[in-house]
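Counting from 1, one number per residue, gives the positions in the sequence shown under UniProt numbering.
To start, the structure under review is shown below, and the notes come after it.
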Amino acid sequence: MKTSVNRRVLVTGADGFIGSHLAELLVQRGYQVRALVQYNSFNSWGWLDSSPLAKEMEVIAGDVRDPFLCDNICADIDVVFHLAALIAIPYSYQAPNSYVETNVNGTLNMCQAALKQGVKRFIQTSTSEIYGTARYVPIDEQHPSQPQSPYSASKIAADAMALSYFNAFQLPVTIARPFNTYGPRQSARAVIPSIIIQIAAGRERIELGDVSPTRDFNYVADTCAGFIALAEAGHQVVGETINIASNDEISVADTLALIKQLMRSPVEFITDEQRLRPASSEVFRLWGDNQKLRSLSDWQPQHSLAQGLQQTIDWFSQPQHLARYKADQYNV
């Protein structure tokens, strides 16, 4: 089922980091894009405000917590890319109910709307956080789920809700499970932007949490290409959970060292206690197996970690971008 370029797609969470990149890439590939951004009184479209491609999208402000809104935005849509979610792990410790309302109930609303409107493919966005600390590596899709934070618990529930609509109602669901995506526009709460921003702001010592965990980092363009590959793949991906991963791992400490090298910085690292997760909540190892996605599509990562980091550094180092972040504050 290779898609035609005139298919209508919906991207929820299009105002966010990955969502804005995905919406732009879809436009560039000839899709008709409806973009859902979160309603706010400032009439802000998030990252789409600064996108030259936003004028080629149908942008709608709303909230996936509203089932009526979800029903309306799914009308006349072929493919739904459901990315709208609360994702900050530290904030999930403080406001867990909001994660259930948005991530679980929001997914329920979107699935019900997609079913009613006859959507042909529903791409549910998962996260590698649902795996918790690896019991074996590389982590394939059969790895057990481990709810080590309220955030990961809400995403486990959201994935289960989406798959229940496949099993019970034949909604053509595919679970896309990206590992640690990074790149331009990412929130400063994430480790790579946090390092880059502090160095670019001229800090002599940067504050981080535990630097021993490993992560499977994916440049945002590769993650977005993975989403589109799943939408364009045949029926064999329906009802399946599929990792989007680099099939590699690197510790946060080694990532810091690589960024320091690329930015030619002698910055020192100190531990910031408030950035440490509770001991049983920290995910100490992530390394994703991408064999399933590669076997079901022509996708493969196009950016090495060094290449992706350099492009990310170049973007964050531009004064107009750096000014949008608060280098002197910890972002929960």
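From the three backbone atoms N, C-alpha and C, an ideal C-beta is built for every residue, glycine too.
As the structure is a prediction and not an experimental result, all values here were calculated from the model.
Assess, as a yes-or-no matter, whether the segment 137 to 146 is touched by the segment 95 to 105 under the definition of 3 or more beta carbon pairs within less than 8 Å.
no
I'd like the list of long-range same chain contacts for ASP78, defined as Cβ closer than 6 Å, with 5 residues on each side in sequence excluded.
Residue 78 sits at position 78 when you count from the first residue of the sequence shown. Excluding positions up to five away in sequence, the list reads ARG7, ARG8 and LYS120.
Which term fits ILE270, buried or exposed, when burial requires 16 or more other beta carbons within 10 angstroms of its beta carbon?
Indexing the sequence shown from 1 puts residue 270 at position 270. Result: exposed.
Coil, strand or helix - SER212 by DSSP:
Counted from its first residue, the sequence shown places residue 212 at position 212. Coil.
Taking the beta strand (DSSP E) that residue 335 falls in, what are its first and last residues?
Because the chain is modelled from 1 through 332, residue 335 falls outside the range shown and cannot be assessed.
From the DSSP output, in three-state form, read off PRO96 for me.
For the purposes of this step, residue 96 is taken as the residue at position 96 of the sequence shown. The answer is helix: DSSP assigns PRO96 an H, G or I state.
Would you check if the segment 82 to 90 and the segment 106 to 124 touch, i.e. whether three or more CB-CB distances between them fall below 8 Å?
yes
Take GLY16 as the anchor and find which of CYS224, GLU249, VAL267 and LYS260 has the nearest alpha-carbon.
Reading the sequence shown from its first residue, position 16 is the one you call residue 16. Minimum Cα distance to GLY16 is reached at CYS224.
Start-to-end residues for the alpha helix (DSSP H) that takes in HIS82:
What you label residue 82 is simply residue 82 of the sequence shown in a count that begins at 1. From DSSP, HIS82 is part of no alpha helix (DSSP H) but of the beta strand (DSSP E) over 79 to 82.
Given 8 Å, three or more beta-carbon pairs between the segment 192 to 207 and the segment 284 to 299:
no
Roughly how many angstroms separate the alpha carbons of THR255 and ASP159, rounded to a whole number?
Sequence index remark: in the sequence shown, residue 255 carries index 255 (1-based). Sequence index remark: in the sequence shown, residue 159 carries index 159 (1-based). Cα to Cα, the separation comes out at about 30 Å.
Going along the chain, which unbroken runs of the alpha helix (DSSP H) with 4 or more residues stay wholly within the segment 135 to 220?
150 to 169 and 191 to 200
Cβ contact check for the segment 34 to 41 and the segment 56 to 67: 3 or more pairs under 8 Å:
yes
In chain order, what residues of the same chain lie with their CB nearer than 6 Å to the CB of ALA88, ignoring the 5 residues before and after it?
Your numbering for residue 88 matches position 88 in the sequence shown. Cβ neighbours of ALA88 beyond the five flanking positions: ARG189.
Going straight from the alpha carbon of GLY30 to that of GLY118, what length do you get?
Looking up residue 30 in the sequence shown gives position 30. Looking up residue 118 in the sequence shown gives position 118. When rounded, the distance between both Cα atoms is 22 Å.
Cα-Cα separation between GLN148 and ALA279, rounded to whole angstroms
As a first step, residue 148 must be located in the sequence shown, where it is residue number 148. As a first step, residue 279 must be located in the sequence shown, where it is residue number 279. Roughly 10 Å separates the two Cα atoms.
Could you have a look at GLU282 and say whether DSSP puts it in helix, strand or coil?
Position 282 of the sequence shown, counted from the first residue, corresponds to residue 282. GLU282: coil per DSSP, three-state reduction.
I'd like the span of the beta strand (DSSP E) that includes ALA35, first residue to last.
Here residue 35 refers to the residue found at position 35 of the sequence shown. Here the beta strand (DSSP E) through ALA35 covers 32 to 38.
CA-to-CA distance, LEU25 to TRP299, given in whole angstroms:
Position 299 of the sequence shown holds residue 299. Position 25 of the sequence shown holds residue 25. Those two C-alpha atoms are separated by around 15 Å.
Neighbour-count burial assignment, TYR182, 16 or more Cβ in a 10 Å radius:
Start at 1 with the first residue of the sequence shown, and residue 182 comes out as number 182. Answer is buried; the Cβ neighbour count reaches 16.
Measuring only the C-alpha atoms, how far is ILE94 from VAL332?
Locating residue 94 in the sequence shown gives position 94, where the first residue counts as 1. Locating residue 332 in the sequence shown gives position 332, where the first residue counts as 1. It should be noted that the sequence gives Gln, not Ile, for residue 94. Rounded to the nearest angstrom, the two C-alpha atoms are 10 Å apart.
Whole angstroms are fine: how far does the CA of GLN291 sit from the CA of LYS2?
As a working mapping, residue 2 is identified with position 2 in the sequence shown. As a working mapping, residue 291 is identified with position 291 in the sequence shown. Note on LYS2: pLDDT 48, under 50, position unreliable in the model; the coordinate value appears next. One C-alpha to the other measures close to 20 Å.
Test item: CB-CB of ILE123 and LEU296 under 9 Å
To locate residue 123, count along the sequence shown from 1; it is residue 123. To locate residue 296, count along the sequence shown from 1; it is residue 296. The answer is no: Cβ separation not under 9 Å.
Would you decide whether residue 334 is buried or exposed? Buried here means 16 or more other CB atoms lie within 10 Å of its CB.
Nothing in the structure corresponds to residue 334, since the chain is present only between 1 and 332.
Inspect the beta-carbon positions of SER92 and PRO178 and report whether they are closer than 9 Å.
Looking up residue 92 in the sequence shown gives position 92. Looking up residue 178 in the sequence shown gives position 178. Result no, Cβ atoms of SER92 and PRO178 do not sit closer than 9 Å.
Cβ-based burial, ARG215 [other Cβ within 10 Å; buried from 16]
Position 215 of the sequence shown, counted from the start, is the residue given in the question as residue 215. By the 10 Å Cβ count, ARG215 comes out buried.
Determine whether the beta carbon atoms of GLY132 and SER152 lie at a separation below 9 Å.
One-based indexing of the sequence shown puts residue 132 at position 132. One-based indexing of the sequence shown puts residue 152 at position 152. Going by C-beta atoms, GLY132 is nearer than 9 Å to SER152.
Just how far apart, CA to CA, sit ASN180 and TRP315?
Walking along the sequence shown from the start, residue 180 turns up at place 180. Walking along the sequence shown from the start, residue 315 turns up at place 315. Approximately 19 Å, taken between the alpha carbons.
Using DSSP's beta-bridge definition, name the partner residues of GLY288.
Here the question's residue 288 lines up with position 288 in the sequence shown. GLY288 is bridged to ILE139.
Against chain D, with Cβ distances strictly below 9 Å, would LEU262 count as a contact?
The displayed structure is made up of one protein chain only, and chain D is not part of it.
Three-state secondary structure assigned by DSSP to ARG7:
Residue mapping note: residue 7 aligns to position 7 of the sequence shown, counting from 1. Coil.
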